[in-house]
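S.K.:
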Amino acid sequence: MFSTHSSSPSSVSAPSKHKLRNLTAIALLVCLAYGVYVPVTNAAPVLAEGSAAVAVNTKKVISHDIYANWRSIQGSVLSRDGNWAAYALVGQESDGEVVVRNLKDGRELRAPRGTTPAFSADGRYLAFAIAPTRVELDKAKKEKKKGDDLPKSGLGIMNLATGKVESLERVKRFAWPEEGGNFLAVLLDAPKEAKKEAKKDAETAAKDEDDQQAAMANASAKKKDTGTEFLLIDVANAKRDSFKDVADFTWSKNGELLAFNVITKDTQKEGAREGVYLISPQELTPRAVMAGAGSYKHMNFDEAGRQLAFVSNRDDLTKKRAEAEKSGKKSADADKTDKAEKEITAFNLYYWRAGDSEAKAIVTADTAGLPTGWLPSEHASLSFSKDGQRLFFGTAELAKADPKDAPEPFKVDLWHWKDLELQSMQKVRAEKEKQRSYKAVFHIAEQRFVQLANKNIPNVLINDNPRFAMGASDVPYKMLQSWDALYHDAYAVDLQTGQARLLAQKLRYVPSLSPGGKYVMAFDANSSIWYCWSTVDGSKINLTGKIKARFEDTKRDTPEVKDAYGFAGWTEDDASVVLYDQFDLWEVNLQNQSSRNLTAGYGRKHNLELRYVPLDMEKKPPADEPSAVAEAKALPKESWILAATNEGNRSTGYYQQNPKSGEPVKLIHGDKMFAGLIKAKKADTVLFTQQSFTEFPDLWSSNLALQSPQKISNANPQQAQFNWGKQEMIEYTSLDGKKLKALLAKPENFDPAKKYPMMVYIYENMSDNLHRYVAPAPAQNINVTRYLSNGYIVLRPDIVYKTGHPGKSAYNAVVPAVQKVLAQGYVDAKRVGIQGHSWGAYQINYLITQTNMFRAVEAGASMANMISGYGGIRWGTGMSRAFQYEKQQSRIGGAPWNKTAEYIENSPIFHVDKVQTPYLTIHNDDDDAVPWYQAIEFFTALRQLGKEAYWFNFNGEKHGLKERDNMKYFTVHMAEFFDHYLLGSPRPEWMDKPVPYLERGKRDVMGQFKPVGAKAD
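This note's numbering puts the sequence shown at residues 384 to 1400.
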């Protein structure tokens, strides 16, 4: 069905305008209902009544030249005693600063270009990185410098009593001990001259090698980074001690010991100095716990700082050198470098404890229980259990060198129907696969090794319980992930024996291990029930089957089975687990399966989604994909903090909950987005942010009761100078009768008597962003704030979906949302544009084959043909795209051979001849999610049909733009495109004159982004 809109004439008196607008709105609805079709191709741009883009009250309109100085807050941190807060103000393209504030007396200290602040344990000093100046970075970029030639970060050390800052240049890494001392460890980057000299020496060595020993020594050198100068700074007494050729270091938690490893530039001459050394603030003479030419990796102390472990290939290298010297044989020159590069060395696991003169090998190829041909992995990290009784590390099968006379492999892939993973996926993961390791444990008191993971159970998760780990295996289901999903089998793995007990099979969502190790828990998506399995005997416990609440995410509208809302954690000794329904928290006792609504129904009663906020959670690195977890600690016994979000108006807040009984108690709540709550380690001081559409998420400090919070930052005071916007939530009914919401934003100087252009932005659910601040910035999508300031209305509607009909679902949601706003009378129906990226762009492609209500569109990285898209590859992961259509976002619910009609219905390419709307897209040739041939299909079809279309392809960019200059370039062109059609701005030259390939990208738009008053290059 096609639809269109017309607007009232502009030459009528004000009173008549309002009457006519009402009549027009009614007429519009009638026309839409009956599908009246009026093409608008090549219509002249319609000018605004008055100037909707002109600022009033002397406020400025947001232009591209203000982005550089707009700042964000990063790295917020509290001192352990809660007396100080520090954060970095980081400009988009301007020099920032680190800010330190005394929360007791309000005193504030600042240092230019500071980032990543870190307090000493006693809160007397602050260390921070010092970023290179923007001038230096721009100069290096202009000169196309890379790697070691780029400007390096420095280090600042601030005395908080005086504000005095000491600085160092070219700092690679720095760290305080976690719990004690004012000694700062600093690893410097090599001076430029040293790096050039090292490169020259390596080239010379490659030419001058004349024996087997040198070749093997060079092979070892190629696998390790050369060390640099290392400083241990006694900050309180302003003393420094320097150590040469240090590659890495690690502190004990209490700061009483520091370990570092030495790697020399010339292994043959100085290899004996290589090794692992210990120093302490009291004894600065390095003590070798192991020395000799080789690589030393993954040094780690136990919790008490009395034990140290690491892996090294020293012994294997020593053995090989001895064998080479004994044989007296020398290889031919042509074979030396090749042989050296292929040399494979064996790593052992080494252990030291206080009182030992040196480290000893505790796991080698001869260790009982280690699979034949396996060794400790050089790629896996090490960790001690908190009680120091167990040492966890990774093992792997030692790679085998190719035979000396092996022929050069053909460059050919064999795609096999029995491949568990597609060749494309194997290629992406090849390097990770080479470095794959399998979890093992060494029981220190018993001096006993136990292998935990293996090739059939590759993932084993541990926590501090002494009895069990959890195994998770996706091996039986790897092929299914191409078109269905990735499933897991869950195991209880005995830490004493390594024996694995199968607990559950084909779990759709990842399992977890309880902190005490008594249970493995998972959500059974088919029955929508939470289950636990005893790690001791494998018995299965139904946790939620008898509870009259729904624990699956009922709003999820993809074809796959629904996931759970999640869980808060476990109570002491694994006695009970706390689960989420949509609104509340439920506690289930594991002994008798009794349950109670821990929040007493308060969430559902007040339409609040309540979620536990961990205040002492250890930071974890972000995962590439959902993975099984081992819960580290039990929930606290005392009061909890809960985050609350109102499902209706999206207001948020924090509440206090007594976990034993009672309803939550409100601490703070409002029509804002409260987030980022962190607590000082040794005090009740907290930091958090609050933001709204008009309020930047500045930092606020308070106590745990959130009484009398104080704003402690003011990142962007210049915002007050600009015409901003106001946002509200509106409700409307979709064409298929569903109650939906949309975000409607208007300029700050909105005048209901004017006719405005409107931009529509779509993806899926947008109303969650009601209180989210949008900083002015270049991007591949419209910047809502910039468009509002320049005289647009911006509409962002929610979309809900019916499986098999995602395109129609988008139409049913978007069209009535636009109609709802048009009926208000202040938007010109002939000046409505729409923009989206990826999934949002697909929906736009579909919409413009069904309606002409949009004057211009931009649809970036979009799908056009679901049939060819189904057979495509997500090149970033190497995965087949089939799973998206059958189970996830694309929402067809089947394959092209059993849902043929749906694939054709939802593929814009089959209806492209109906398009009458000027079309702009960005789709890059290295897109790693949506194959760029989708753009080729749609664009070439539009071109053949004589439709107005423009396609920007940034060479080498992926699904989303990463290079800021590319963002700027596209931001300018997209703004020119929409401003022409919707604001009536002059038509830019590039829209009329094609740009030849040899002239591509020569247009310079960078001047538009230079801040006013900035010096010219």
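Here a beta-carbon is modelled for each residue, glycine too, at the ideal position from N, C-alpha and C.
Decide if the segment 1202 to 1218 is in contact with the segment 1134 to 1152; the criterion is three or more beta carbon pairs, one per stretch, under 8 Å apart.
M.R.: They touch, by the three-pair rule.
S.K.: Suppose you measure from the CA of Thr387 to the CA of Tyr1380; what does that come to, to the nearest Å?
M.R.: Here the question's residue 387 lines up with position 4 in the sequence shown. Here the question's residue 1380 lines up with position 997 in the sequence shown. Residue confidence is low: Thr387 scores 38 on pLDDT, short of 50, so the model does not pin down where it sits. Its coordinate-derived value is still stated next. If I take the Cα positions, the gap works out to 37 Å.
S.K.: Could you tell me the boundaries of the beta strand (DSSP E) in which Asn925 lies?
M.R.: Here residue 925 refers to the residue found at position 542 when the sequence shown is read from its first residue. Segment Lys923 to Asn925, the beta strand (DSSP E) holding Asn925.
S.K.: What residue range does the alpha helix (DSSP H) around His1356 cover?
M.R.: The residue given as residue 1356 occupies position 973 in the sequence shown. Here the alpha helix (DSSP H) through His1356 covers Arg1347 to Phe1361.
S.K.: Taking buried to mean at least 16 other C-beta atoms within 10 Å of its own C-beta, is Phe1403 buried or exposed?
M.R.: Outside the displayed span of the chain (384 to 1400) sits residue 1403, for which this structure offers no information.
S.K.: In whole angstroms, give me the CA-to-CA distance for Leu567 and Tyr470.
M.R.: Numbered from 1 along the sequence shown, position 184 holds the residue referred to as residue 567. Numbered from 1 along the sequence shown, position 87 holds the residue referred to as residue 470. The alpha-carbon atoms of Leu567 and Tyr470 are separated by roughly 19 Å.
S.K.: Considering only the alpha carbon of each residue, which of Gln1102, Ile1182, Ser1172 and Ser977 lies closest to Gly1120?
M.R.: Your numbering for residue 1120 matches position 737 in the sequence shown. Ranking Gln1102, Ile1182, Ser1172 and Ser977 by Cα distance to Gly1120 puts Ile1182 first.
S.K.: Buried or exposed: Glu1382, going by 16 or more other Cβ atoms within 10 Å of its Cβ?
M.R.: On the sequence shown, position 999 is the one that residue 1382 refers to. Classification for Glu1382: exposed.
S.K.: Which ranges does the beta strand (DSSP E) cover as unbroken runs of at least 3 residues, wholly within the segment 1237 to 1314, from first to last along the chain?
M.R.: Within the segment 1237 to 1314, the complete beta strand (DSSP E) runs of at least 3 residues are 1239 to 1243 and 1302 to 1305.
S.K.: For Tyr1225, collect the residues of the same chain with a Cβ closer than 7 Å to its Cβ; drop the 5 residues on either side in sequence, then sort them by chain order.
M.R.: Translated into the one-based positions of the sequence shown, residue 1225 becomes position 842. The answer, listed in chain order, is Ser1245 and Met1246.
S.K.: Quick one: give me the first and last residue of the beta strand (DSSP E) that Met1056 is part of.
M.R.: Residue mapping note: residue 1056 aligns to position 673 of the sequence shown, counting from 1. Its beta strand (DSSP E) spans residues Met1056 to Lys1062.
S.K.: Looking at C-alpha atoms only, which residue of Asp999, Phe730 and Ser959 is the closest neighbour of Leu981?
M.R.: Here the question's residue 981 lines up with position 598 in the sequence shown. Checking every option, the nearest Cα to that of Leu981 belongs to Ser959.
S.K.: Would you say Gly537 and Leu520 are within 7 Å of each other, going by their C-beta atoms?
M.R.: What you label residue 537 is simply residue 154 of the sequence shown in a count that begins at 1. What you label residue 520 is simply residue 137 of the sequence shown in a count that begins at 1. Cβ distance not < 7 Å, so Gly537 and Leu520 don't count as in contact.
S.K.: Using 10 angstroms around the beta-carbon of Pro706, count the other beta-carbons present and answer buried if the total reaches 16, otherwise exposed.
M.R.: On the sequence shown, residue 706 is found 323 positions in, with the first residue counted as 1. Here residue 706 is Glu; the residue named in the question, Pro, does not match the sequence. Glu706 is exposed by the Cβ-count criterion.
S.K.: Taking its Cβ as the centre, do 16 or more other Cβ atoms sit within 10 Å of Thr937, making it buried, or is it exposed?
M.R.: Looking up residue 937 in the sequence shown gives position 554. Its Cβ having fewer than 16 others within 10 Å, Thr937 is exposed.
S.K.: Consult DSSP for Gln888 and reduce its assignment to one of helix, strand or coil.
M.R.: Here residue 888 is taken as the residue at index 505 of the sequence shown, counted from 1. It is a strand residue.
S.K.: For Trp798, count neighbouring C-beta atoms within 10 Å of its own C-beta (all shown protein chains included) and say buried if the count is 16 or more, exposed if not.
M.R.: Within the sequence shown, the letter at position 415 stands for residue 798. Per the 10 Å Cβ criterion, exposed.
S.K.: Report yes if the C-beta distance between Pro461 and Ala1063 is below 7 Å; otherwise report no.
M.R.: On the sequence shown, position 78 is the one that residue 461 refers to. On the sequence shown, position 680 is the one that residue 1063 refers to. It should be noted that the sequence gives Leu, not Pro, for residue 461. In contact: Leu461 and Ala1063 (Cβ atoms closer than 7 Å).
S.K.: On a CA-only basis, which of Met862, Thr650, Ile845 and Glu686 is nearest Gln340? Give me that one, please.
M.R.: This structure gives no information on residue 340, because the portion of the chain shown stretches from 384 to 1400.
S.K.: Hey, is Arg1169's beta-carbon within less than 7 Å of any beta-carbon in chain C?
M.R.: Chain labels in this structure do not include chain C; a single protein chain is all it has.
S.K.: What would DSSP say about Ala789, mapped onto helix, strand or coil?
M.R.: On the sequence shown, position 406 is the one that residue 789 refers to. Ala789 falls in the coil class under three-state DSSP.
S.K.: Figure out for me which residue from Ala983, Leu993, Glu1014 and Pro894 has the closest Cα to the Cα of Gly952.
M.R.: Residue mapping note: residue 952 aligns to position 569 of the sequence shown, counting from 1. When each option's Cα is compared against that of Gly952, the closest is Glu1014.
S.K.: Using the Cα positions of Gly1329 and Lys1297, report the straight-line distance between them to the nearest angstrom.
M.R.: Against the sequence shown, residue 1329 aligns to sequence position 946. Against the sequence shown, residue 1297 aligns to sequence position 914. Each residue's alpha carbon lies about 12 Å from the other.
S.K.: So Leu615 is in the alpha helix (DSSP H); what residue range does that whole segment cover?
M.R.: For the purposes of this step, residue 615 is taken as residue 232 along the sequence shown, with counting starting at 1. Taken as a continuous stretch (DSSP letters only), Leu615 belongs to no alpha helix (DSSP H), being part of the beta strand (DSSP E) at Thr611 to Asp617.
S.K.: Classify Gly1219 as buried or exposed, calling it buried when 16 or more other Cβ atoms lie within 10 Å of its own Cβ.
M.R.: The residue given as residue 1219 occupies position 836 in the sequence shown. Per the 10 Å Cβ criterion, buried.
S.K.: Looking at the ligand MG, does it come within less than 6 Å of His1220, judged from the CB to the closest heavy atom?
M.R.: This structure lacks the ligand MG, and indeed carries no ligand of any kind.
S.K.: Expressed to the nearest angstrom, what Euclidean distance is found between the alpha-carbon atoms of Gly675 and Phe1071?
M.R.: If you number the sequence shown from 1, residue 675 lands on position 292. If you number the sequence shown from 1, residue 1071 lands on position 688. Approximately 50 Å, taken between the alpha carbons.
S.K.: In the DSSP output, which residue or residues are listed as bridge partners for Ser695?
M.R.: One-based indexing of the sequence shown puts residue 695 at position 312. In the DSSP output, where bridge partners are listed per residue, Ser695 has Tyr679 and Asn731.
S.K.: Can you check whether the CB of Leu1126 is closer than 7 Å to the CB of Arg1179?
M.R.: Indexing the sequence shown from 1 puts residue 1179 at position 796. Indexing the sequence shown from 1 puts residue 1126 at position 743. Cβ atoms of Arg1179 and Leu1126: closer than 7 Å.
S.K.: In three-state DSSP terms, what is Gly711?
M.R.: In the sequence shown, residue 711 corresponds to position 328, counting from 1. Gly711 falls in the coil class under three-state DSSP.
S.K.: If you reduce the DSSP assignment to three classes, tell me which class Trp453 lands in.
M.R.: Sequence index remark: in the sequence shown, residue 453 carries index 70 (1-based). Trp453 falls in the coil class under three-state DSSP.
S.K.: Pick helix, strand or coil for Ala779, following the three-state DSSP scheme.
M.R.: Within the sequence shown, numbered from 1, the residue matching residue 779 stands at position 396. If DSSP states are grouped into helix, strand and coil, Ala779 belongs with the strands.
S.K.: Sort Gln1102, Val1069, Pro1080 and Gln1272 by Cα distance to Lys1185 and report the nearest one.
M.R.: As a working note, residue 1185 is residue 802 in the sequence shown. Ranking Gln1102, Val1069, Pro1080 and Gln1272 by Cα distance to Lys1185 puts Gln1272 first.
S.K.: Grab the span of the beta strand (DSSP E) containing Ile1165 for me, first residue to last.
M.R.: In the sequence shown, the residue the question calls residue 1165 occupies position 782. Segment: none, Ile1165 is in no beta strand (DSSP E) and carries neither H nor E.
S.K.: Who are Phe643's beta bridge partners in DSSP?
M.R.: If you number the sequence shown from 1, residue 643 lands on position 260. Answer is Phe632 and Tyr660, bridged to Phe643.
S.K.: Measure the Cβ-Cβ separation of Ser1096 and Leu1082 and say whether it is below 7 Å.
M.R.: Counting from one through the sequence shown, the residue named residue 1096 turns up at place 713. Counting from one through the sequence shown, the residue named residue 1082 turns up at place 699. Going by C-beta atoms, Ser1096 is nearer than 7 Å to Leu1082.
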